[in-house]
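Protein chains in written order, with numbering that gives the first Met the number 0: chain A, 0 to 74; chain B, 0 to 360; chain C, 0 to 256.
For each residue, glycine too, the CB sits at the ideal point set by N, CA and C.
Small disclaimer: the values here were computed from a predicted structure and weren't measured.
Here's the structure, in structure tokens; my notes come after.
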Amino acid sequence: MAKFKGAIVVDTEKCKGCGLCVVSCPTAVIELARGVNGKGYHYAHMANPDACIGCSSCGLVCPDTVITVYRAKAS
Amino acid sequence: MGDVRLMKGNEVIAEAAIRCGCDGYFGYPITPQSEIMETLMIRKPEDETGMVVLQAESEVAAINMVYGGASCGKKVMTSSSSPGISLKAEGITYLAGAELPALIVNIVRGGPGLGTIQPAQSDYFQAVKGGGHGDYKLIVLAPASVQEMNDFVDLGFELSFKYLNPAMILSDGVIGQMMEKVELSDYKPRWTDEEIEKISGSWATNGKKAGGERNISTSLDLDSAKQEVFNHKLQAKYRAMEENDVRFEKIACDDADYLFVAYGSSARICQKSVELAREKGIKVGLLRPITLFPYPTKQIQEMLGQVKGILSVEMSAGQMVEDVRLAVEGKVPVEHFGRYGGIIPTPEEVVEALEEKILGK
Amino acid sequence: MTATTEINNIISEENLVYKKTDVLLDNEMHYCPGCTHGVIHKVIAEVIEEMDIQDKTIGVSPVGCSVLAYNYLDIDWQQAAHGRAPALATATARLMPEKYVFTYQGDGDLASIGCAEIIHACNRGENIVVVFVNNAIYGMTGGQMAPTTLENQVTATSPYGRDCASTGAPMKISEMVSLLPGTRFVTRQSAETAGAVRKLKKAIRKGFENTREKKGLSFIEIVGTCSSGWKLSPTQSNEWMKENMFPYYPLGTLKDE
Numbered sequence: 000m001a002k003f004k005g006a007i008v009v010d011t012e013k014c015k016g017c018g019l020c021v022v023s024c025p026t027a028v029i030e031l032a033r034g035v036n037g038k039g040y041h042y043a044h045m046a047n048p049d050a051c052i053g054c055s056s057c058g059l060v061c062p063d064t065v066i067t068v069y070r071a072k073a074s
Numbered sequence: 000m001g002d003v004r005l006m007k008g009n010e011v012i013a014e015a016a017i018r019c020g021c022d023g024y025f026g027y028p029i030t031p032q033s034e035i036m037e038t039l040m041i042r043k044p045e046d047e048t049g050m051v052v053l054q055a056e057s058e059v060a061a062i063n064m065v066y067g068g069a070s071c072g073k074k075v076m077t078s079s080s081s082p083g084i085s086l087k088a089e090g091i092t093y094l095a096g097a098e099l100p101a102l103i104v105n106i107v108r109g110g111p112g113l114g115t116i117q118p119a120q121s122d123y124f125q126a127v128k129g130g131g132h133g134d135y136k137l138i139v140l141a142p143a144s145v146q147e148m149n150d151f152v153d154l155g156f157e158l159s160f161k162y163l164n165p166a167m168i169l170s171d172g173v174i175g176q177m178m179e180k181v182e183l184s185d186y187k188p189r190w191t192d193e194e195i196e197k198i199s200g201s202w203a204t205n206g207k208k209a210g211g212e213r214n215i216s217t218s219l220d221l222d223s224a225k226q227e228v229f230n231h232k233l234q235a236k237y238r239a240m241e242e243n244d245v246r247f248e249k250i251a252c253d254d255a256d257y258l259f260v261a262y263g264s265s266a267r268i269c270q271k272s273v274e275l276a277r278e279k280g281i282k283v284g285l286l287r288p289i290t291l292f293p294y295p296t297k298q299i300q301e302m303l304g305q306v307k308g309i310l311s312v313e314m315s316a317g318q319m320v321e322d323v324r325l326a327v328e329g330k331v332p333v334e335h336f337g338r339y340g341g342i343i344p345t346p347e348e349v350v351e352a353l354e355e356k357i358l359g360k
Numbered sequence: 000m001t002a003t004t005e006i007n008n009i010i011s012e013e014n015l016v017y018k019k020t021d022v023l024l025d026n027e028m029h030y031c032p033g034c035t036h037g038v039i040h041k042v043i044a045e046v047i048e049e050m051d052i053q054d055k056t057i058g059v060s061p062v063g064c065s066v067l068a069y070n071y072l073d074i075d076w077q078q079a080a081h082g083r084a085p086a087l088a089t090a091t092a093r094l095m096p097e098k099y100v101f102t103y104q105g106d107g108d109l110a111s112i113g114c115a116e117i118i119h120a121c122n123r124g125e126n127i128v129v130v131f132v133n134n135a136i137y138g139m140t141g142g143q144m145a146p147t148t149l150e151n152q153v154t155a156t157s158p159y160g161r162d163c164a165s166t167g168a169p170m171k172i173s174e175m176v177s178l179l180p181g182t183r184f185v186t187r188q189s190a191e192t193a194g195a196v197r198k199l200k201k202a203i204r205k206g207f208e209n210t211r212e213k214k215g216l217s218f219i220e221i222v223g224t225c226s227s228g229w230k231l232s233p234t235q236s237n238e239w240m241k242e243n244m245f246p247y248y249p250l251g252t253l254k255d256e
């Protein structure tokens with residue numbers, strides 16, 4: 000059981016679907032959506048939210064800075 | 000009487016820069032203007048006024064240092080001679096495109112190419128018709144004496160800040176190398192940060208003010224519609240210069256039947272030619288454009304009811320003569336006389352040319 | 000408690016651990032998906048925020064993909080002609096010695112057309128930070144060969160692969176400038192993983208701190224990707240970079256005085 004629970008918020012309209020967050024995530028939380036945003040990009044989203052530990056890796060590597068990361072102590 | 004000295008034109012440019020509160024000079028050695036930077040290095044204004052003087056690695060770097068310094072709202076300048084100005088052309092059009100004030104001194108030598116190190120006026124087109132790419136104009140001042148080398152440094156900065164446009168002093172090896180009596184200007188302090196904020200705060204890139212707008216120094220706009228609007232603005236500025244800042248001198252024009260039009264060192268020669276011609280009974284006057292852009296077109300047109308012919312005298316194959324002809328619109332004969340490749344015409348040659356090309360018609 | 004409710008509980012101000020700095024503007028970046036420029040912009044913006052120097056920093060942008068960098072960082076900017084950013088920065092830093100001046104340049108801008116300006120700015124030890132983005136290709140003009148293009152690398156102007164016998168070897172600019180006495184800090188970083196981004200941020204912060212201490216020129220090369228130019232996906236580009244770029248352009252600090 001992880002010590003921390005995390006969550007991310009993606010600005011899906013600004014996301015370009017590059018997928019760098021997907022490969023950066025150590026707990027395989029993020030996937031690209033099947034749907035697309037207004038620009039036609041498959042945006043990133045939390046496909047497996049329970050696994051998120053709020054490590055910020057996705058936010059750090061995101062070239063468009065569209066990911067905000069939250070982290071709380073696991074209850 | 001102020002500080003009167005016997006000095007070389009090039010040295011005076013340096014002295015005038017220090018005294019007018021210039022913040023920075025960035026240059027590269029080239030004959031016949033190297034005394035400008037040499038004088039600055041000897042004078043060490045950094046110790047006296049805080050003015051920065053730097054020998055750049057190339058003319059290209061020097062003009063881009065000017066671009067950087069001008070972007071900060073500072074009074075900055077460079078100097079060079081013809082081949083060096085060609086290298087600076089890119090930076091000059093960027094300065095015009097970013098609406099930045101700066102002073103560029105060209106001590107012209109004969110060309111094309113590496114040409115000669117002797118004086119010439121064959122960079123008129125480059126100075127007033129462009130030189131770099133795009134629709135832009137420089138404010139171009141043509142000194143005819145060492146005194147004007149002094150005066151036009153301050154005037155050049157004044158006009159370039161008035162219009163937010165680069166200004167050029169278009170001189171030549173004659174005026175640059177000549178020693179003459181000059182009354183130097185009084186010292187003006189360099190602008191303080193507060194003064195720069197007041198004068199250039201709306202555009203100078205000297206740090207985004209807390210809670211204020213940031214400034215960007217750029218000549219880029221990828222939106223053609225905006226780029227056209229910007230070009231209209233530039234053109235309006237150039238029309239305002241033509242309206243308000245034409246400078247010229249008329250010598251012996253009141254009763255003149257014929258007219259010399261000449262600037263800079265050619266105008267000095269023509270002054271003697273006016274005397275020689277009048278001794279022969281030829282009533283000729285001299286109109287000396289001091290600003291080559293904006294050009295004294297109206298002042299030439301005002302002479303048209305009076306004069307029967309005009310000789311444009313330049314140390315070139317005939318460049319300014321095109322602007323004289325544009326002003327005259329075919330109403331009287333306009334001819335060109337010039338020596339070039341570094342040869343300076345004699346006053347006698349000029350009178351002979353007047354007789355042959357204008358009176359002989 | 001359902002999973003959704005739990006996430007909603009986590010997403011609250013007191014749990015915030017990573018968000019966009021305010022020094023980065025809200026303008027959507029024009030860069031291609033996955034472009035390293037975005038990460039580098041963000042890192043510079045974060046350093047500016049953390050050092051509280053937004054009102055004292057002047058950026059000089061190049062010609063190339065990052066010509067519009069001024070649209071993204073909320074500071075004063077100068078936009079330089081191709082390759083000339085170090086000349087602008089030289090004058091700016093000398094005329095305003097209390098400010099933080101940095102150039103942001105790509106490999107075409109810095110290593111090709113601007114080679115003279117960067118070498119001499121480094122040699123004079125101008126008190127500036129140089130951020131040099133090396134992705135081994137010209138991006139904006141459509142993927143042509145750069146001085147840093149690897150041997151046999153296919154580009155629009157080396158369609159059969161770069162022939163070093165004809166075009167010379169890929170230039171190791173950091174190694175070159177580290178030989179000049181004017182440079183105080185020369186490092187080569189990357190930005191493909193969270194760890195790399197953290198290290199990059201430390202390097203950029205060190206550069207700006209060197210400016211504050213009037214130490215001279217800090218040169219920070221970032222080996223990055225150009226997925227459009229390389230014709231690979233962003234994730235494949237990172238793999239290609241690790242496999243091909245890192246051996247030739249080894250990461251690490253070459254000089255720290």
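Check	Outcome
Output yes or no for whether 8 Å exceeds the beta carbon distance between residue 19 of chain A and residue 48 of chain A.	no
Exposed or buried, which one is residue 197 of chain B when buried takes at least 16 other CB atoms within 10 Å?	exposed
Work out the CA separation of residue 227 of chain B and residue 247 of chain C for me, nearest whole Å.	46 Å
With burial defined as no fewer than 16 other Cβ atoms inside 10 Å of the residue's Cβ, what is the status of residue 32 of chain B: buried or exposed?	buried
Output, in chain order, the set of chain A residues within a Cβ distance shorter than 8 Å of residue 249 of chain C.	Going along chain A, no residue has its Cβ under 8 Å from residue 249 of chain C, so there is no contact; the nearest lies around 21 Å.
Name the residues in the region 10–43 of chain B whose C-beta lies less than 7 Å from a C-beta of chain C; which are they?	22, 23, 25
Can the beta-carbon of residue 69 of chain B be found less than 8 Å from the beta-carbon of residue 86 of chain C?	no
Hey, how far is the Cα of residue 294 of chain C from the Cα of residue 36 of chain C?	The structure shown does not extend to residue 294 of chain C, since chain C is modelled only from 0 through 256, so no value can be given for it.
Please name the residue in A:31, A:45, A:46 whose C-alpha comes closest to that of residue 39 of chain A.	A:31
If you draw a straight line from the alpha carbon of residue 52 of chain C to that of residue 126 of chain C, how long is it in whole angstroms?	16 Å
Is residue 326 of chain B closer than 8 Å to residue 296 of chain B when the C-beta atoms are compared?	yes
Give me the DSSP bridge partner(s) of residue 79 of chain B.	B:105
Leaving out five residues before and five after residue 352 of chain B in sequence, what residues of the same chain have Cβ atoms less than 6 Å from its Cβ?	336
So what's residue 6 of chain A in DSSP terms, helix, strand or just coil?	strand
Name the chain C residues that come within less than 8 Å of residue 32 of chain A, Cβ to Cβ?	Near residue 32 of chain A there are no residues of chain C at all, since even the closest Cβ is about 14 Å away, more than 8 Å.
Along chain C, in chain order, which residues have C-beta atoms closer than 9 Å to that of residue 53 of chain B?	89, 90, 93, 123
Between the region 17–26 of chain B and the region 54–73 of chain A, are three or more C-beta pairs nearer than 8 Å?	no
Residues of chain A with a CB under 7 Å from the CB of residue 34 of chain C: which are they?	62
Report the rounded CA-to-CA distance for residue 101 of chain B versus residue 166 of chain B, giving the unit in angstroms.	6 Å
Output needed in chain order: residues of the region 194–206 of chain C with a Cβ under 8 Å from some Cβ in chain A.	196, 197
I'd like to know whether the C-beta atoms of residue 262 of chain B and residue 281 of chain B end up nearer to each other than 8 Å.	no
Please list, in chain order, all residues of the same chain as residue 151 of chain B whose beta carbon is under 6 Å from its beta carbon, the five residues on each side excluded.	140, 142, 168
Give the straight-line distance between the Cα atoms of residue 189 of chain C and residue 250 of chain C, rounded to the nearest whole angstrom.	7 Å
Against residue 16 of chain A, what residues of chain C qualify as contacts under a CB-to-CB distance less than 8 Å, listed in chain order?	32
Quick check on the burial criterion: 16 or more other C-beta atoms within 10 angstroms. Buried or exposed for residue 361 of chain B?	Shown here, chain B extends from 0 to 360; a query on residue 361 of chain B therefore has no answer.
Could you pull out every residue in the same chain whose Cβ sits closer than 8 Å to the Cβ of residue 180 of chain B, ignoring the five residues on either side in sequence?	3, 4, 5, 145, 146
Quick check on the DSSP output: the alpha helix (DSSP H) that includes residue 300 of chain B runs from which residue to which?	296–300
Since residue 189 of chain C sits in a beta bridge, which residues does DSSP pair it with?	C:222
Nearest chain C C-beta to residue 42 of chain A closer than 8 Å, yes or no?	no
I want to check one thing, is the minimum distance from the CB of residue 29 of chain C to the heavy atoms of the ligand PLP below 7 Å?	With respect to the ligand PLP, the structure offers nothing, as it holds no ligand at all.
Could you tell me the distance, in whole angstroms, from the CA atom of residue 75 of chain A to the CA atom of residue 7 of chain A?	Nothing can be reported for residue 75 of chain A: it is not among the residues displayed for chain A, which extend from 0 to 74.
Give the residues of chain A in contact with residue 17 of chain C, contact being defined as C-beta atoms less than 8 Å apart.	55, 58, 59, 66, 67, 68
Give the straight-line distance between the Cα atoms of residue 37 of chain B and residue 343 of chain B, rounded to the nearest whole angstrom.	26 Å
Check whether the Cβ of residue 13 of chain A lies closer than 8 Å to any Cβ atom in chain C.	yes
Determine the burial state of residue 15 of chain B: buried for a count of at least 16 other Cβ atoms within 10 Å of its Cβ, exposed for fewer.	buried
Between residue 318 of chain B and residue 124 of chain B, what straight-line distance do the alpha-carbon atoms span, to the nearest angstrom?	6 Å
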